[in-house]
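Before any comments, here is the structure.
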Amino acid sequence: MKKKIFAILLCIGLAFTIVGCKKLSTIEKVSQDLNEYSILLDYNHQENAISGTETIEFTNRYDAVLPNIKMHLYPRAFSETAVNRPVSKLNEANAYPQGVDYGDIEIENITLNDNVVTPQYEGQDNDILTIEYEMEPYDKVEISIEFEIDMPRVNHRFGYGDNTINIANFYPILCVYENGEYNTSPYDANGDPFYSDVANYNVTLEYNSNYTVAHTGYETNKENLGDRTILDMSAKAVRDFAIVMSDKFSVVSKDVGDTRVNYFYYDQDNAEAYLKTSTDALSTFEKLFGEYPYDSLNVVRSNFVHGGMEYPNLVYISDEVEGVENYNNVIIHEIAHQWWYGVVGNNEYDYAWLDEGLTEYSTLLFYEENPDYNIDYNEIIKNATNNYVTFVDLYKEVIGTIDTSMSRPINKYDTEYEYVYMTYVKGMLFFDNLRDVIGKNKFYKGLQDYYIENAYKIATPANLLSSMEHASHTKLGSFFDSWIEGKVIIGKIS
Ligand SMILES: [Zn+2]
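Residue numbers (the numbering used here): 2 to 495.
Structural data, given as structure tokens:
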């Protein structure tokens, strides 16, 4: 996510013949060994409600016996009684311009291998659905869930506003199993409280024909039934599936290699310029980090309270972002997330800096590579350092003490400002300092290796450390620790 608070390999010659060139696995190859979600959705535009049926073909690929099956029900956070709410008090007025509204998901019926099961609900907001069914490694089950969704009127990831209907984090999604338990972190108004494995998706949406649909993946069929349209979509090896609809969308498109880049917009004159920013970002990040493996990238202007939001193959750009420079900044940031969150996943709840810090730094690298955008790398680092130091000093003065560690779950930051400074700003400064310490060539080699080695998987800070140590032939453990644990003195290190 991008907070509005910011204005702000080569394998050649001998090496190739001996060790070969590390390449990203193809989507076709990766997708053969993934869980499959098939989701049928019927959107009722009068009620802003969705009737859905989801079938998951789930194979236990964890090296462990699973005691049960757990799924997140993220829409529960939008219900009237939710404890872990999606919108902070600070953002309430902007998120709910017509007054606070609520939404929810109701589970109607669940079967497992065609047998009806009674689920249990856990978490403060009953946002974790549990099916009692033990699975040995490589056991496979088919789970079918019927659900009804009530969409809230809110300018958020999940909700509808004046211009767009944002359908994301809406369906039951499997929790990640690690270290002997499922990760069941609840929603949080701070950061992006999501965490999921890559999977394959087949999604069918029925909707009013006067709407245009932006979505993860690619279209496989479209049937116009007059007032209603049925759209079939597929996506392979993606971490999530998101849809944005509008009856106001226009679209401009351009291909970058095999990828079709679409910019969906309304109420805007300079769409071609923003399409160019999007294609420039895709080309730049492919050059710096490695190949973007998908056929489509959809950049979608939408009603959203924060600056932007990343989903696989699809990013939101808030229509509240003002000024060309800021709007470009959000586009570039969200597209960088396709590498850091999308292809290389991480626990965004516990290690938010790992994707946000690297994404924010990637945005800066974009400017360095594209001087015609007139944003100076050194100037940004200087300002970020000054702002960070001022923030820390002020915080100490007012509160008495400050925790500058980056290794905290998102619900352990006292304020949104503290979260943004420690994950985005300090995260960016960390990567800048790392590049200074090991040098540009080794830094890029490390990042490219990190990308390939962790593609379609879940990376941890230890994976990043390992890639950087291998690329630089330097022990970096204490360097990483001092930044991550909050011991480094920023402003004195450059
Ligand atoms: Zn972000």
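Where is the CB? At the ideal position from N, CA and C, for every residue including glycine.
All values reported here derive from a predicted model rather than from experimental measurement.
Check: Of the listed residues Leu42, Asn384 and Pro138, nearest to Thr54 (C-alpha basis); Outcome: Leu42
Check: Assigned exposure category for Arg77 - 16 Cβ within 10 Å defines buried; Outcome: buried
Check: Strand pairing of Val148, partner residues [DSSP]; Outcome: Note on residue identity: the sequence assigns Phe, not Val, to residue 148. Gly53 and Ile108, per the DSSP bridge assignment.
Check: Cβ-heavy atom distance, Glu48 to ligand 1, below 6 Å; Outcome: no
Check: Inter-residue Cα distance where the pair is Ile144 and Ile57; Outcome: 5 Å
Check: Short Cβ contact (7 Å threshold) for Phe290 with Tyr362; Outcome: no
Check: Phe290 (DSSP reduced to helix, strand or coil); Outcome: coil
Check: Extent of the continuous alpha helix (DSSP H) to which Arg436 belongs; Outcome: Lys427 to Ile439
Check: Cβ neighbours of Asn156 in the same chain (closer than 6 Å, five flanking residues each side left out); Outcome: Ala96, Gly162, Asn304, Phe305 and Val306
Check: Inter-residue Cα distance where the pair is Val257 and Gly124; Outcome: 44 Å
Check: Minimum C-alpha distance to Phe367 - residue among Val204, Val393, Leu395 and Ile332; Outcome: Ile332
Check: Beta-carbon gap between Phe286 and Trp354 smaller than 7 Å; Outcome: no
Check: Helix, strand or coil at Thr230 according to DSSP, with G and I counted as helix; Outcome: strand
Check: Inside the region 16 to 95 only - beta strand (DSSP E) runs reaching at least 3 residues; Outcome: 37 to 45, 50 to 60 and 70 to 73
Check: Asn263, buried or exposed, once every other Cβ within 10 Å from all chains shown has been counted against 16; Outcome: buried
Check: Residue environment, Ala169, which counts as buried when at least 16 other CB atoms sit within 10 Å; Outcome: buried
Check: The region 433 to 449 in contact with the region 457 to 477 per 3-pair CB rule at 8 Å; Outcome: yes
Check: For His216, the nearest candidate out of Asn225, Glu224 and Leu206 (CA to CA); Outcome: Leu206
Check: Touch test, the region 61 to 75 against the region 177 to 188, Cβ-Cβ under 8 Å, three pairs minimum; Outcome: yes
Check: Residue ranges of each beta strand (DSSP E) within the region 194 to 220, 3 or longer; Outcome: 200 to 209 and 213 to 216
Check: Which residues DSSP lists as bridging Ser251, in chain order; Outcome: Tyr266
Check: Inter-residue spacing [alpha-carbon to alpha-carbon] between Asn314 and Gln449; Outcome: 20 Å
Check: Ser297, buried or exposed, once every other Cβ within 10 Å from all chains shown has been counted against 16; Outcome: buried
Check: C-alpha gap between Asn69 and Ile106, whole angstroms; Outcome: 22 Å
Check: The beta strand (DSSP E) enclosing Leu298, as first and last residue numbers; Outcome: Ser297 to Ser303
Check: Lys3 CB to nearest heavy atom of ligand 1 below 6 Å; Outcome: yes
Check: With 16 other Cβ atoms within 10 Å as the buried cut-off, status of Val316; Outcome: buried
Check: Of the listed residues Gly343, Lys249, Glu224 and Ala83, nearest to Asn164 (C-alpha basis); Outcome: Lys249
Check: Beta-carbon proximity of Gly308 to Lys3, cut-off 7 Å; Outcome: yes
Check: Nearest-angstrom Cβ-Cβ length linking Asp320 and Arg302, presumed shorter than 8 Å; Outcome: 5 Å
Check: Straight-line gap, Gly447 to Ile459 (C-alpha atoms, nearest Å); Outcome: 17 Å
Check: Val66 classed as buried or exposed, judged by whether at least 16 other C-beta atoms fall within 10 angstroms; Outcome: exposed
Check: From Tyr122, Gln269, Ala200 and Asn116, residue whose alpha carbon lies closest to that of Ser39; Outcome: Ala200
Check: The region 334 to 349 in contact with the region 229 to 249 per 3-pair CB rule at 8 Å; Outcome: yes
Check: Nearest neighbour of Ile318, chosen from Ser284, Tyr352, Ser279 and Glu349 [CA to CA]; Outcome: Ser279
Check: Any non-hydrogen atom of ligand 1 within 6 Å of Thr405 CB; Outcome: no
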